[in-house]
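Per the UniProt record's numbering, the sequence shown starts with residue 1, numbered consecutively.
From the three backbone atoms N, C-alpha and C, an ideal C-beta is built for every residue, glycine too.
In this text, all values refer to a predicted model and were calculated from it rather than measured experimentally.
First the structure, in the form of structure tokens, and then the observations on it.
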Amino acid sequence: PAAVTGAMALLTHLLACAFGMGSWVAINGLWVELPLLVTVLPEQWDLPSYITIIIQMANVGPLFVTLMHRFWPGSLKEVVIIYVVVSVGIVACLLLAFLWDYTSPIAGTTHSTAFLILTFFLALVDCTSSVTFLPFMMQLQAQYLTTFFIGEGLSGLIPALIALGQGSGISSCANTRYLPARFSTLIFFLLMTAMMVACLVAFFFLTRQPKVWELSQHTKRPMETHTEKVSYSVAKLAFIYLLITWVSSLTNGVLPSVQSYSCLPYGNTAYHLSATLSSMANPLACIVAMVLPNRSLALLGTLSLAGTGFGAYNMAIAVMSPCPLLQHSQWGDAIIILSWVLFTGTLSYVKVMAGVILRSRSHSALVWYGALEQLGSLLGALLMFPLVNIYGFFQSADYCSLQCPV
């Protein structure tokens, strides 16, 4: 009966969404919890760049998977890797809840050893998910891929909303003290652990779903997945892969490392709003891609240019910190928040549509999608790390004591 099929489809959409949510939830959770962590941990404001580099080191995971795919196809069982990876994530997240503030001396300076080591394992999970979760989604019908991307977007949104509720790091300017959070970091990481568990459960049920090729024998109409094999010229494919690398380097590598510099001069509220609202722009862009898919490469190119433009504005403001444009006007706040939201939104749409286009080609196209996404992020982070940490190219702003000409 149609009702049962509809209910099954809805259930599968929900499972795909929960599964996608587990992909980056742990690392996104770290990013939004940073305003609280930097006030406690010994690395203080250097922490974001430490995290960026640890995430890049964790790219050994996807590198290993991609090389195995390339040279020993079929030797790695995707399902097994995903079970292992998500389980590691759950354990690391649980340990983090209890050990995040544990410090020990390394080479004479105090470091938050437990936090940094566990961050590596969380990053290993999240990076490897790029090259395993997506290709696994090939086994389901095409319509579920966009839901998976929405879930991936929610993995940024939900931690952000929890952090907003927690009131993490919003200080009052009275005597530059940090207001206590509404609930502890322990609770926050336990909530992240719960989301990872949900991902594991969803994956378990997804593996029980009938595969695409089994479904196509039962239904009388030919499956859209077989007719949709779109062929693109080498030049067009190269263009798509180039877009993925470029967009990922901006959204995952280059701009996250300067977000605080571009927003804090406008105040803590501007920082919080642009962090949370731009993480909301991601799932919204996925929903738009679901309702209005557009495979035109011209449009994707134009959107990438637009997104790059918004990114350039954010970067320019970060360079001008601590005294950027329109600092003392409401317009400055509004424009920087809007610019961050549009930057994330336009480029998220490009990423999702690139994924949809490549899915209609082959399984290995999606493995390469994941690999290039990680490569782009790596290049972006490697470019920014020395600028932020070694050369101190950006000045941080203390909103409470700005010495700027009005």
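Exercise. What separation, rounded to the nearest whole angstrom, lies between the Cα atoms of L122 and P405?
Worked result: One C-alpha to the other measures close to 44 Å.
Problem set entry | Buried or exposed (CB count within 10 angstroms, at least 16 for buried), A298 | Exposed, because fewer than 16 other Cβ atoms sit within 10 Å of the Cβ of A298.
Problem set entry | Contact under 8 Å by Cβ, I27 with I55 | Cβ atoms of I27 and I55: closer than 8 Å.
For this session: Determine the burial state of G22: buried for a count of at least 16 other Cβ atoms within 10 Å of its Cβ, exposed for fewer.
Result: By the 10 Å Cβ count, G22 comes out buried.
For this session: Using three-state DSSP, classify P105 as helix, strand or coil.
Result: Residue state, collapsed to three classes: strand.
Exercise. Using CA coordinates, which residue listed in Q327, Y369, V367, G307 is at the minimum distance from S339?
Worked result: For the options Q327, Y369, V367, G307, the alpha carbon positioned closest to that of S339 is the one of G307.
For this session: Please classify H111: does DSSP put it in a helix, a strand, or coil?
Result: Taken through DSSP and simplified to helix, strand or coil, H111 comes out as strand.
For this session: Please classify F393: does DSSP put it in a helix, a strand, or coil?
Result: Coil, per DSSP.
For this session: Report yes if the CB atom of P42 is closer than 8 Å to the CB atom of T103, and no otherwise.
Result: For the pair P42 and T103, the CB atoms are nearer than the 8 Å cut-off.
For this session: Indicate the three-state DSSP secondary structure (helix, strand or coil) for Y266 in the structure shown.
Result: It is helical.
Exercise. What whole-angstrom Cβ distance do G61 and T128 have, given they're in contact under 8 Å?
Worked result: Confirmed, about 4 Å.
Problem set entry | H218 versus D46: straight-line alpha-carbon distance, rounded | With a pLDDT of 49 at H218, under the threshold of 50, the modelled position of this residue cannot be trusted, and the question is left open.
Problem set entry | Boundaries of the alpha helix (DSSP H) in which Q330 is found, first to last residue | Counted as a single uninterrupted DSSP element, the alpha helix (DSSP H) harbouring Q330 occupies residues 330-359.
Problem set entry | M223 in three-state terms, based on DSSP | Only weak support is given to the placement of M223: the predicted model assigns it a pLDDT of 44, under 50, and the value that follows is read from those uncertain coordinates. Reduced to three states, the DSSP call for M223 is coil.
Exercise. Which term fits A181, buried or exposed, when burial requires 16 or more other beta carbons within 10 angstroms of its beta carbon?
Worked result: Answer is buried; the Cβ neighbour count reaches 16.
Exercise. Quick one: is I244 buried, meaning 16 or more other Cβ sit within 10 Å of its Cβ, or exposed?
Worked result: Buried is the call here.
Exercise. Mapping DSSP to helix, strand and coil, what is C404?
Worked result: Reduced to three states, the DSSP call for C404 is coil.
For this session: Might you give, ordered along the chain, the residues of its own chain that have their beta carbon closer than 6 Å to the beta carbon of G392, omitting 5 neighbours on each side?
Result: Short of 6 Å from the beta carbon of G392, and not among the five residues preceding or following it, lies no beta carbon of its own chain.
For this session: Within the same chain, show all residues whose beta-carbon is closer than 6 Å to that of T227, passing over the 5 residues directly before and after it, in chain order.
Result: Its pLDDT being 42, under 50, T227 is placed unreliably by the model, and the measurement read from it follows with that caveat. There are no such residues.
Exercise. Of the choices F188, L303, I357, P324, whose alpha-carbon is the least far from that of T346?
Worked result: Measuring from the Cα of T346, the nearest candidate turns out to be L303.
Problem set entry | A58 to L378 span [Cα, whole Å] | A58 and L378 have their C-alpha atoms roughly 10 Å apart.
Exercise. Exposed or buried, which one is A235 when buried takes at least 16 other CB atoms within 10 Å?
Worked result: Around the beta carbon of A235, fewer than 16 other beta carbons sit within 10 angstroms, so the residue counts as exposed.
Exercise. Which parts of the segment 78-166 are runs of the alpha helix (DSSP H), unbroken and 4 residues or longer, counting only runs that do not cross its ends?
Worked result: Entirely contained in the segment 78-166, the alpha helix (DSSP H) runs reaching 4 residues are, in chain order, 78-99, 113-137, 143-166.
Problem set entry | First and last residue of the uninterrupted alpha helix (DSSP H) at E33 | In the DSSP assignment, E33 falls within the unbroken alpha helix (DSSP H) covering 2-40.
For this session: To the nearest angstrom, report how far apart V341 and P1 are at their CA atoms.
Result: Answer to the nearest angstrom: the Cα atoms are 43 Å apart.
For this session: Would you identify the three-state DSSP class for Y232, choosing helix, strand or coil?
Result: Coil.
Problem set entry | Between the CA atoms of A92 and R197 - distance to the nearest angstrom | Before going further, note that residue 197 is Val rather than Arg in the sequence given. Looking at the backbone, the Cα of V197 and that of A92 are separated by about 12 Å.
For this session: Verify whether the separation of the beta carbon atoms of V25 and M195 is less than 8 Å.
Result: For V25 and M195, yes; Cβs fall inside 8 Å.
For this session: Assign V4 to buried or exposed, taking buried as 16 or more other Cβ atoms, counted over all protein chains shown, within 10 Å of its Cβ.
Result: Exposed, by the Cβ-count rule.
For this session: Put L243 into one of helix, strand or coil per three-state DSSP.
Result: Here L243 sits in helix by DSSP.
Exercise. Among S87, Y313, M320, K351, which residue has its Cα nearest to the Cα of I336?
Worked result: For I336, the nearest C-alpha among the options comes from Y313.
Problem set entry | From P48, G309, C323, L14, residue whose alpha carbon lies closest to that of A202 | The shortest Cα separation from A202 among P48, G309, C323, L14 belongs to L14.
For this session: To the nearest angstrom, report how far apart H363 and Y369 are at their CA atoms.
Result: Cα-Cα distance, rounded: 10 Å.
For this session: Taking only the alpha-carbon atoms, compute the straight-line gap between L36 and T193 and give it to the nearest angstrom.
Result: Linking L36 to T193 through their CA atoms gives a straight-line distance of about 18 Å.
Problem set entry | Buried versus exposed call for V80 [16 or more other C-beta atoms within 10 Å across all chains shown] | With fewer than 16 other Cβ atoms inside 10 Å of its own Cβ, V80 counts as exposed.
Exercise. Apart from the five residues on each side of it in sequence, which residues of its chain come closer than 7 Å, Cβ to Cβ, to A270?
Worked result: Shown here for A270: same chain residues with a beta carbon closer than 7 Å to its own, the five before and five after excluded, namely C263, D333, I336, I337 in chain order.
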